[in-house]
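Participant: Before anything else, here's the structure in question.
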Amino acid sequence: MSLLERLGRGHLSDAQFARLWSSRQSGARLGPHLDACAGCRARFAEFETWLLGVGETMRDEADRAFPAERLAAQQAQIARRLETLERPARVIAFPKAARAVMSGHSHVRRWVTVAAAAGLIAGVGLGQVVPLRTAMFRQQATETIAHFNGPGGETRPKEQAAVSTSLRDEELLSDAYAQPKVRNLSALDDMTPHARDYIK
Amino acid sequence: MTGTSPALAAAREADAAAASAVKAQQAAGELEGARERYAELVARHQRRASRIAYHYLRDSAEADEAVQDAFVKAYQHLASFREELPFDVWFTRILINGCLDRIKARTRRERWLLPMADSRTGGDSTAPFRERDMTERVAAGGPSPEQALLGRERREQIAAALAKLPERQRSVFVLSHVDGRTSREVSALTGLNESTVRVHLFRAIRKLRALLANDVVAATPGELKGKRRVTS
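Okay, here's the thing in structure tokens:
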């Protein structure tokens, strides 16, 4: 508080009212200025009303969120929770039937397991010794080429295989000048521009 | 505002007697009796606790849970309660710590997750109660729709202004104005020095006054006469 206010010549601001109100909480006096100045006393009364109104509104808001029914439900819930605290948790046993079904035939299960393991090992061993997969794939590839070559193509499977397996740049270029090997496509090839027409 | 009113002193004596009885019954293994006696304490402090929790958390469902947790925790740890401290102060301390823990957890959650719509306004969780409350008020000839609207606007303004206060100022203001605590009690509840409490309170009031400068005073001075402190 400034000296001017202490002498009672200046009027009090809201901040000073707030300070006065806060200090009054601990029983301090309001101050000489309020005793002397009727205007400030009236403003302080208005300030106090506003402040109490704020508190009242806040309580009202909380009470609207917690009506009597909700408080009663809350109380019941607290009582239930306290009751639960005193009871130990129930442990539900796992159904016995699920275990009993398997436990009677444990020797059968063991034999099945051993046989499955033996079969697996034998399969892996045979797979290492006999190149079954490679042979099967080679035969399948030959059949596919023969099918695309059409009639008479059966006579040249080795040639086709040689073409398909040795693809080098020179051979690819020579293919660009060559006539098509598939007869069915020769009509289409005639309509298509060729590299040999442009490269001299 | 320094001393304790006779009504409050009597209520505290009753609290102390009930708390001692519950402790004794717990020790003797008479758990049903202990729970029944504790229900008295719950009934006496439930509304006050709900108000505090609501203004800390700003969500009625979460406030409800916080109040329940605080009562359960107080029951479990009643053996550590010392009679020289009023039960309401001891219990409110548990409640505030619970609320602060929830605020921390919420802050952590919101850092990682998208904020859920209306989760902090409490609008959804209290909607059934509010709707029913409105119909009851209309049927009972309560405030007019205009008054209800003005009242709601005022509550929203105050809530928004309060949300702008720093945590300590808000805490001190809520305990002082909503719960009607003296500076000494707020000091005991928050662990702050009494003079620090007064400084926080002064700053909170000054800031609220500035933020609510355009706030129309709804109540006349006569309406609030004799409502200086609420202890219930």
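These protein sequences, in sequence, are chains X and G.
FYI, in our numbering the residues of the first sequence are 2 to 201.
FYI, in our numbering the residues of the second sequence are 36 to 267.
Glycine is no exception: its CB is placed at the ideal position from the N, C-alpha and C atoms.
Does the CB of X:F67 have a neighbour CB from chain G at under 8 Å?
Facilitator: Position 66 of the first sequence, counted from the first residue, corresponds to residue 67 of chain X. Closer than 8 Å: yes.
Participant: Given this structure, state the Cα-to-Cα distance separating X:F95 from X:R81, to the nearest angstrom.
Facilitator: Sequence index remark: in the first sequence, residue 95 of chain X carries index 94 (1-based). Sequence index remark: in the first sequence, residue 81 of chain X carries index 80 (1-based). Answer to the nearest angstrom: the Cα atoms are 28 Å apart.
Participant: What residues from chain G crowd round X:G56, counting only those whose CB sits closer than 7 Å?
Facilitator: The sequence position of residue 56 of chain X within the first sequence is 55, counting from 1. Simply H212, V213.
Participant: Among G:A183, G:A245, G:L92, which residue has its Cα nearest to the Cα of G:K139?
Facilitator: Taking the first residue of the second sequence as position 1, residue 139 of chain G is located at position 104. The candidate whose alpha carbon is nearest that of G:K139 is G:L92.
Participant: Could you check where the alpha helix (DSSP H) with G:E188 kicks off and where it finishes?
Facilitator: As a working note, residue 188 of chain G is residue 153 in the second sequence. Taken as a continuous stretch (DSSP letters only), the alpha helix (DSSP H) holding G:E188 covers 180–198.
Participant: Suppose you measure from the CA of X:H12 to the CA of X:L52; what does that come to, to the nearest Å?
Facilitator: As a first step, residue 12 of chain X is located in the first sequence; it is residue number 11 there, counting from the start. As a first step, residue 52 of chain X is located in the first sequence; it is residue number 51 there, counting from the start. The alpha-carbon atoms of X:H12 and X:L52 are separated by roughly 20 Å.
Participant: On a Cα-Cα basis, can you pick out the residue from G:R83, G:T225, G:S115 that is closest to X:F67?
Facilitator: As a first step, residue 67 of chain X must be located in the first sequence, where it is residue number 66. Per the Cα distances, G:R83.
Participant: Within a Cβ cutoff of 8 Å, which residues of the same chain sit near G:A114, ignoring the five residues on either side of it in sequence?
Facilitator: As a first step, residue 114 of chain G must be located in the second sequence, where it is residue number 79. Excluding sequence neighbours, G:A114 sits near K58, Q61, A62.
Participant: Which residue from X:A37, X:V55, X:P33 puts its Cα closest to that of G:I240?
Facilitator: Reading the second sequence from its first residue, position 205 is the one you call residue 240 of chain G. Looking at the Cα atoms, X:V55 is the closest of the given residues.
Participant: To which residues of the same chain is G:C134 closer than 7 Å at the C-beta, ignoring the five residues directly before and after it?
Facilitator: Residue numbering aside, residue 134 of chain G sits at position 99 when the second sequence is read from its first letter. Contacts found: A88, Y91, L92, A101.
Participant: Any idea what DSSP makes of G:S230, helix, strand or coil?
Facilitator: As a first step, residue 230 of chain G must be located in the second sequence, where it is residue number 195. Here G:S230 sits in helix by DSSP.
Participant: May I ask you to check if the CB of G:R203 is nearer than 7 Å to at least one heavy atom of the ligand SAH?
Facilitator: Annotation note on the ligand SAH: not contained in the displayed structure, which lists no ligands.
Participant: Tell me the rounded alpha-carbon separation between G:A44 and G:S206.
Facilitator: Start at 1 with the first residue of the second sequence, and residue 44 of chain G comes out as number 9. Start at 1 with the first residue of the second sequence, and residue 206 of chain G comes out as number 171. Between G:A44 and G:S206, the C-alpha separation is close to 24 Å.
Participant: Helix, strand or coil: which one does DSSP assign to G:F164?
Facilitator: Stepping through the second sequence from its first residue, residue 164 of chain G is reached at position 129. At G:F164, the pLDDT of 48 sits below 50, so the modelled position is not reliable; the number obtained from the coordinates is stated separately. Three-state DSSP puts G:F164 in a helix.
Participant: Between G:F126 and G:A51, is the Cβ-Cβ spacing less than 8 Å?
Facilitator: By one-based count along the second sequence, residue 126 of chain G stands at place 91. By one-based count along the second sequence, residue 51 of chain G stands at place 16. No; because the gap between Cβ atoms is not below 8 Å, this pair is not in contact.
Participant: Starting from the Cα of G:F116, find the closest Cα among G:E97, G:A56, G:R190, G:A42 and give me that residue.
Facilitator: In the second sequence, residue 116 of chain G corresponds to position 81, counting from 1. Ranking the options by Cα distance to G:F116, first place goes to G:A56.
Participant: Would you say G:V213 and X:R60 are within 8 Å of each other, going by their C-beta atoms?
Facilitator: Locating residue 213 of chain G in the second sequence gives position 178, counting from the first residue. Locating residue 60 of chain X in the first sequence gives position 59, counting from the first residue. Result yes, Cβ atoms of G:V213 and X:R60 sit closer than 8 Å.
Participant: Under three-state DSSP, which class holds X:S94?
Facilitator: Stepping through the first sequence from its first residue, residue 94 of chain X is reached at position 93. According to the sequence shown, residue 94 of chain X is Ala rather than Ser. Looking at X:A94 - three-state DSSP - the assignment turns out to be coil, as it is neither helix nor strand.
Participant: Looking at G:A96 and G:L130, is the spacing between their C-beta atoms short of 8 Å?
Facilitator: For this step, residue 130 of chain G is matched to residue 95 along the second sequence. For this step, residue 96 of chain G is matched to residue 61 along the second sequence. Against a cut-off of 8 Å, the Cβ pair of G:A96 and G:L130 comes out as no contact.
Participant: Within its chain, find whatever has a CB closer than 8 Å to the CB of X:D15; leave out the 5 residues flanking it on each side and keep chain order.
Facilitator: Here residue 15 of chain X is taken as the residue at index 14 of the first sequence, counted from 1. Around X:D15: F48.
Participant: Roughly how many angstroms lie between the CA atoms of G:R47 and G:E119, to the nearest whole one?
Facilitator: What you label residue 47 of chain G is simply residue 12 of the second sequence in a count that begins at 1. What you label residue 119 of chain G is simply residue 84 of the second sequence in a count that begins at 1. For G:R47 and G:E119, the distance between alpha carbons rounds to 11 Å.
Participant: Quick one: is G:V107 near chain X, going by C-beta distance under 8 Å?
Facilitator: Within the second sequence, numbered from 1, the residue matching residue 107 of chain G stands at position 72. Cβ-Cβ to chain X under 8 Å: yes for G:V107.
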